[in-house]
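Just below is one structure, and these are the notes that go with it.
Protein chains in written order, with the working numbering: chain A, 125 to 571; chain L, 28 to 306; chain V, 387 to 697.
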């Protein structure tokens, strides 16, 4: 029904055009669509299946899937767009998309969304906006940061599972306490005991991760942030921000309950899958690979809070390039390519739907969360659905200009130095602020 | 007696050194093979499992069934064979021109051409692609083959030039007196005496085209035209890589190179015999 | 010999055409594929890179002419330009001599008359064949300060442990150590060069009562100088453009301690989409490498001996 509804305007236009010109023959519209995944990867195969179904319903459209996996995606797309041979539509790095949209290289989708009641009902956090509040697109799929845990570790220690309802989120102290009880050395002592041997840790209690998406929700929870509201200041040296970084630092070097970056990078087994890690802060997409691991008994809770419970909403964007010859047909396909009715990545636990319906309508919600047995653990109605609707803030990457340079050159190295124990928290954050402030350029949307 | 004992001692030392180093140098291959026989959850366990348990042969089943090996092999060879021939022929000619003929401006031209090795691909990629796309050769093998016929890259030219220059000039002079032209000198004199060097550039360009990922990635869109190296990336998703499958396919891909290298380096021995003619 | 050669020269000159002119024609004829190829495929992109370096260009849209502003910014306000230059030069100084010496040592070892030589040669070349992405995890583990194999070997010897690639002061030496493992290509070129060393010269040294060291010092090394020169130039050029190892293993860290020049340049081009700036950086790189190469070439006459050109 919905598909028909959407196709109606296209048919009408086509009829008008064909009667106007007096030609009844329908030309097949070809859409080139590039994705950042191999054609043989599970994602690539699923998208190809969705395309096949779409083509069956829309005989006037042919979609050519261009799979570009690995590190060469940006090179390839750049070379294509510079020579005018780019696809009609494709995945794109968020920061590059905003840059290119403001240069006029991406199709302004503001009106297309306005004229499509279904598409415009997507989660408000998922819209990428620039210029005069124009829309360049939405996330390919929704993602938020969550607390994943291995139930076996909790059962062995006789501890309650992490809360799934944001209203009950652990305070940081409660979180550290649980981390200590779950960290076990080779003699079987946990990190709370006096005999604990931090040199010989067998199982770590937690890993928050050290990248921006891991610390951003914690900052916001403590009333801090990476950038000031106007995007002109890096504000990481606030006392609240310092407290957050000091707390993560302490997990590694004071409590010894979290692997240091060095230990973590080389011990990729320090993942929930192997039982050597009890809790991990990571993006929602992790659900898919955890669910694929046989014998793993995992759960999903909400992040610990400093003050307010908060998570961060993030994810790559799908865009339509401005030079497409068939903007209407491409937008039609744009709204289809991540529609949970046609692509299985949602019930697989890789993607979160963008349409609010899937969070509010119990039938749709069940299709997503329980469409496949054994993917999502219990409690996700709270820890994912309620959390996304009521506690998820946009990552700064949606709105701050010059993000890649600021992160790569100012903030990233400083945070890295803090967590590698080469710089004090205060010095590192001051360095980040000092270098970052020289690079800030404000927000993408004009004030 | 002492000399004999010394020789035995030296041989033993050489073997000891060779075997110890071999172990160190074998680790990456062993690592690759062992990873190809493990499932994704055990590849990264710590401390590393050196012996796969259980042995996951299914990675190979998977790689062989989902990875159109022979089609990709055919495509790779379609690029590789003409490119390899082009490189050997044209690099030999050009290197001769730089090494054995003394002409005004030679070193300047050589230096200018050498500068092509000094600019990172990052900035030449887009203009080069732009040019091929205007010529209409994107999604064909032309951009991957044709440049090989124009010198085969300064690396190869420079390498051959160095070897050609070590051959005594007297031979050329004598041959010239006998009425030989430059092509004859190159073919009958220089090439036979430089066989190890020519085999070396052949091995390098074979490896280059066999492993080339970025070239096909940039120029080839059609899944039917993918190469072995590009095909490996088919296993990578945006959020995940299927490591076991990737390692199995990688292992299959490097086996022919190992065999080829093993065979090719034997011709170095022939080089010795010819080199003995010198002086 | 000298006699024959000079006779040849006379004979050539007698044929009417000036020897110089004929050599120019032959020289251009033989090198024409490379010269034509240069103008077809290299000249355009190099000129384009120079042109783009004078603009602000985000890969999309029209490049905006800004003159030398990119260069000015690089030399005056960019804190990471000097950082990345020094990282790259320090690494080059560490890695190039070590890897050339090691490759030479391996090649000499593999030029002995021992059994199973083809097997050993193949084994030593293996790390150059195995894709780095497959072996990078192995190295991450070897380098791990707490659980890695390197510290496990060092600890019982009583030597100070290192944090390897995870500390800013040890990351470059660690990467240089790792580069020794990938010297297979350089080794192969040396091996090819060793095949050209006339065995009679060794016998001559033996007759004079010389030992292994004398053979090396007076025969092998002098005859190999053109090959050593080649490896020196090419390894330097390639090392100055190191990209994959930091890209895969350290992402430039910790705290920019392994921010190699080309990694920095790559980020500008493809993460920040700032192609004008990246082009300016690469022109500067071209000049740096060009100057260094020129110096190596100019000093080569002091130590490189072409057997074929002893005049």
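Backbone N, C-alpha and C define an ideal beta-carbon position, used for all residues, glycine too.
What are the partner residues of residue 458 of chain A, as DSSP defines its beta bridges? DSSP lists no partner for residue 458 of chain A.
Tell me, which residues are paired with residue 323 of chain A by DSSP? The partner list for residue 323 of chain A (beta bridge, DSSP) is empty, contrary to what the question assumes.
Could you tell me the boundaries of the beta strand (DSSP E) in which residue 451 of chain V lies? First-last of the beta strand (DSSP E) with residue 451 of chain V: 446 to 451.
Here's the rule I'm using: 16 or more other beta-carbon atoms within 10 Å means buried, otherwise exposed. How should residue 209 of chain L be labelled? By the neighbour-count criterion, in which a residue is buried when 16 or more other Cβ atoms sit within 10 angstroms of its Cβ, residue 209 of chain L is buried.
Please classify residue 500 of chain A: does DSSP put it in a helix, a strand, or coil? When secondary structure is reduced to three states using DSSP, residue 500 of chain A falls in the coil class, being assigned neither helix nor strand.
Any C-beta of chain V within less than 7 Å: which residues of the region 114 to 132 of chain L qualify? When CB distances to chain V are screened at a threshold of 7 Å, the residues of the region 114 to 132 of chain L falling below it are 117, 120, 121, 123, 124, 125, 128, 129, 130 and 131, in chain order.
Closer than 6 Å by C-beta to residue 365 of chain A: which residues in its own chain qualify, once you throw out the five before and the five after it? Chain order, please. The beta carbon of residue 365 of chain A lies closer than 6 Å to those of 343 and 348 in the same chain, with the five residues before and after it left out.
Exposed or buried, what is residue 293 of chain L when buried is set at 16 or more other beta-carbons lying within 10 Å of its beta-carbon? Result: exposed.
If you run the structure through DSSP and keep just helix, strand and coil, what is residue 160 of chain L? The three-state reading of DSSP puts residue 160 of chain L in helix, counting H, G and I together.
Among the residues of its own chain, which have a CB less than 7 Å from the CB of residue 368 of chain A, if the five just before and after it don't count? Excluding positions up to five away in sequence, the list reads 339, 342, 343, 346, 348 and 430.
At least one CB of chain A closer than 8 Å to the CB of residue 653 of chain V: is that the case? Interface residue, yes.
Tell me whether residue 168 of chain L is buried or exposed, calling it buried when 16 or more other Cβ atoms sit within 10 Å of its Cβ. Counting Cβ neighbours within 10 Å, residue 168 of chain L comes out buried, since at least 16 surround it.
Give me the chain A residues within the contact set of residue 61 of chain L, using Cβ-Cβ distance strictly less than 8 Å, ordered along the chain. Going along chain A, no residue has its Cβ under 8 Å from residue 61 of chain L, so there is no contact; the nearest lies around 15 Å.
Local conformation of residue 178 of chain L per DSSP, three classes: Reduced to three states, the DSSP call for residue 178 of chain L is coil.
Other residues of its chain near residue 666 of chain V: CB distance less than 7 Å, five sequence neighbours each side excluded: Scanning its chain for C-beta atoms nearer than 7 Å, with the 5 sequence neighbours on each side dropped, one finds around residue 666 of chain V the residues 439, 456, 457 and 460, in chain order.
For residue 261 of chain L, tell me which candidate among A/514, A/415 and A/193 has the shortest Cα-Cα distance. Out of A/514, A/415 and A/193, the CA that lies nearest to the CA of residue 261 of chain L is found in A/193.
Contacts around residue 454 of chain V, its chain only, beta-carbon distance under 8 Å, and the 5 residues preceding and following it disregarded: Only 440 meet the Cβ criterion.
Round the Cβ separation of residue 560 of chain A and residue 535 of chain A to the nearest angstrom and send it over; I've been treating them as touching at under 8 Å. Yes, residue 560 of chain A and residue 535 of chain A are in contact; Cβ-Cβ is about 6 Å, under 8 Å.
Mind the definition here: the region 419 to 433 of chain V touches the region 174 to 188 of chain L only if three or more C-beta pairs lie below 8 Å; say whether that holds. Three or more beta-carbon pairs separated by less than 8 Å link the region 419 to 433 of chain V to the region 174 to 188 of chain L, which places the two stretches in contact.
Kindly say whether residue 466 of chain V, judged by its beta-carbon, lies nearer than 8 Å to any beta-carbon of chain A. Interface criterion met: the Cβ of residue 466 of chain V is under 8 Å from a Cβ in chain A.
So which of L/287, L/255, L/39 and L/225 has the shortest CA-CA distance to residue 118 of chain L? It is L/225.
Once you ignore the five residues that flank residue 325 of chain A on each side, which residues in its own chain have a CB closer than 6 Å to its CB? Here the set comprises 309.
Taking the alpha-carbon of residue 34 of chain L as reference, which of V/528, V/598 and V/444 has the nearest alpha-carbon? Minimum Cα distance to residue 34 of chain L is reached at V/598.
Thinking just about the alpha-carbon of each residue, which of A/548, A/555 and A/562 is nearest to the one in residue 370 of chain A? With distances taken between Cα atoms, residue 370 of chain A lies closest to A/548.
Quick one, are the C-beta atoms of residue 445 of chain V and residue 669 of chain V less than 8 Å apart? No, Cβ-Cβ distance for residue 445 of chain V and residue 669 of chain V is not below 8 Å.
C-alpha gap between residue 223 of chain L and residue 576 of chain V, whole angstroms: The straight-line gap from Cα to Cα measures roughly 10 Å.
Can you confirm whether residue 409 of chain V, when its beta carbon is compared against all beta carbons of chain L, has any partner nearer than 8 Å? Interface residue, yes.
Could you tell me the boundaries of the alpha helix (DSSP H) in which residue 223 of chain A lies? For residue 223 of chain A, the enclosing alpha helix (DSSP H) begins and ends at 218 to 226.
Does any residue of chain V have a CB that is nearer than 8 Å to the CB of residue 541 of chain A? Yes, residue 541 of chain A counts as interfacial toward chain V.
Under the three-state reduction of DSSP, which class applies to residue 157 of chain A: helix, strand or coil? In the displayed model, residue 157 of chain A falls within a strand according to three-state DSSP.
Would residue 238 of chain L pass as an interface residue toward chain A - the criterion being a Cβ-Cβ separation below 8 Å? Interface criterion not met: the Cβ of residue 238 of chain L is under 8 Å from no Cβ in chain A.
Taking 8 Å as the CB-CB limit, is residue 517 of chain V close to chain A? Judged by the 8 Å Cβ criterion, residue 517 of chain V is not in contact with chain A.
From the beta carbon of residue 397 of chain A, is the nearest beta carbon of chain V less than 8 Å away? So, not an interface residue.
Whole angstroms is fine: what's the gap from residue 505 of chain A's alpha carbon to residue 290 of chain A's? The C-alpha of residue 505 of chain A lies about 11 Å from the C-alpha of residue 290 of chain A.
Are the C-beta of residue 613 of chain V and some C-beta of chain L separated by less than 8 Å? True, the Cβ-Cβ gap to chain L drops below 8 Å.
Residues sharing a beta bridge with residue 253 of chain A, DSSP: Partner(s): A/259.
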